[in-house]
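What the sequence shown shows, in the numbering used here, is residues 11 to 260, in sequence order. By construction, the Cβ of each residue, glycine as well, lies at the ideal position given by its N, Cα and C atoms. Okay, structure first, notes after.
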Amino acid sequence: MLKMKRNKTDIFIISDLHLSLSADKPMDVFGDLWDNYIARLKEAWCEKIGENDWVIIPGDISWAMTAEEAVPDLIFLNELPGKKVMMKGNHDYWWSSIAKLNQLKKDRHLDSLFFMHTSSFYIEECSVVVLGTRGWRCIGDKDFSEEDLKIYKRELLRFELSIKDAEKYDAEKRICIFHYPPFNGKYESSGFTDLMKKYKISECFYGHVHGIRGGVYKSFAEVPVSASVDGIDCRLISADYVNFSPVKIF
11 MLKMKRNKTD
21 IFIISDLHLS
31 LSADKPMDVF
41 GDLWDNYIAR
51 LKEAWCEKIG
61 ENDWVIIPGD
71 ISWAMTAEEA
81 VPDLIFLNEL
91 PGKKVMMKGN
101 HDYWWSSIAK
111 LNQLKKDRHL
121 DSLFFMHTSS
131 FYIEECSVVV
141 LGTRGWRCIG
151 DKDFSEEDLK
161 IYKRELLRFE
171 LSIKDAEKYD
181 AEKRICIFHY
191 PPFNGKYESS
201 GFTDLMKKYK
211 ISECFYGHVH
221 GIRGGVYKSF
231 AEVPVSASVD
241 GIDCRLISAD
251 YVNFSPVKIF
């Protein structure tokens, strides 16, 4: 087990930024909540986040189709305060292998960005480990297909690999993230919630869902539990739901 000295820092979370600095992808299809969202995100971010803080971003980061097209969005994030742990969402088509992303990070000097995939990420300053996977539509969802089942099973494997990877750290706290909700549209249990129960994970954060009116949240305790599945509290932290303001979770 790896044990690191704990120092004070704050950890925040926000999902589904849908940046489009190099693409014409208007977000107003999701409602007026998205008006001027990039400027609002930057303002809220700079008010809350310090240079030593961390921000977790569980997917749908950029509308770009290639890594090169994503560079303006990644530069935008890199220049915001704090360090960012990012995971792939279903619209992150620009996301390639971790090796290629780390090379892009090196070439473009994106020093505050960190990519997580089929693994965990240890924030040593506060002895917190981040674990999770993108997820997928769950069994029981409308029109769930054989192809969905293949992806679903693959994501279950990736989730368990992430959990097991996290065990090498003697962390005081685990933060569990998904991009998709870890349950179906009927709020039923899934393989994801089964694994959380198996490994004694009692809460998680997810994005992907838009158009639901939220509030102005300062801490995760103020974000309502959107679903409690098999005793696991699941909180929605999509950018429009949290008013484009990162939520403090630690």
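- Going by beta carbons, PHE215 and PRO82 fall outside the 8 Å limit.
- In this structure, DSSP gives MET126 an extended state, which the three-state scheme calls strand.
- Assignment of beta-bridge partners to LEU246 by DSSP yields TYR216.
- Around the C-beta of PRO192, 16 or more other C-beta atoms lie within 10 Å, and the residue is accordingly described as buried.
- Between VAL140 and ILE185, the beta carbon gap of about 5 Å places them in contact (Cβ cut-off 8 Å).
- Here CYS244 is buried, its C-beta having at least 16 other C-beta atoms within 10 Å.
- In the three-state DSSP reduction, PHE188 falls in the strand class (E or B).
- Boundaries for SER172: no beta strand (DSSP E) harbours it, while the alpha helix (DSSP H) harbouring it runs 156-176, taken from the DSSP string.
- Of the candidates PHE22, THR19, ASP26, LYS18, the residue whose Cα lies closest to the Cα of VAL219 is ASP26.
- Secondary structure of PHE254 (DSSP, three-state): coil.
- By the Cβ neighbour-count rule, LYS18 is exposed, with fewer than 16 other Cβ atoms within 10 Å of its own.
- The C-alpha of CYS136 is placed about 19 Å away from the C-alpha of SER172.
- Of the residues assessed, GLY241 falls on the exposed side of the cut-off, its CB having fewer than 16 other CB atoms within 10 angstroms.
- Per DSSP, reduced to three states, the secondary structure at ALA237 is strand.
- Classified as exposed, THR76 has fewer than 16 neighbouring CB atoms from the shown chains inside 10 Å of its CB.
- The C-alpha of GLY150 is placed about 10 Å away from the C-alpha of SER199.
- Separation of SER229 and LYS110 (C-alpha to C-alpha, rounded to the nearest whole angstrom) is 34 Å.
- Nearest to HIS127 by alpha-carbon distance, out of ASP175, CYS148, ILE133, is ASP175.
- Bounds of the beta strand (DSSP E) holding GLY142 are 138-143.
- Look at the segment 59-110 and you find these whole runs of alpha helix (DSSP H), each 4 residues long or longer: 77-89.
- Here ILE21 carries a strand assignment [DSSP, helix/strand/coil].
- Within the DSSP bridge table, the entry for TYR132 names VAL139 as partners.
- In this structure, the CA atom of SER122 is about 9 Å from the CA atom of LYS115.
- Between ASN100 and ARG144, the C-beta gap is smaller than 8 Å, which places the two residues in contact.
- Of the candidates GLU165, LYS258, SER30, SER30 places its Cα closest to the Cα of GLU78.
- Residue environment: ILE108 is assigned as exposed (fewer than 16 neighbouring CB atoms within 10 Å of its CB, all protein chains considered).
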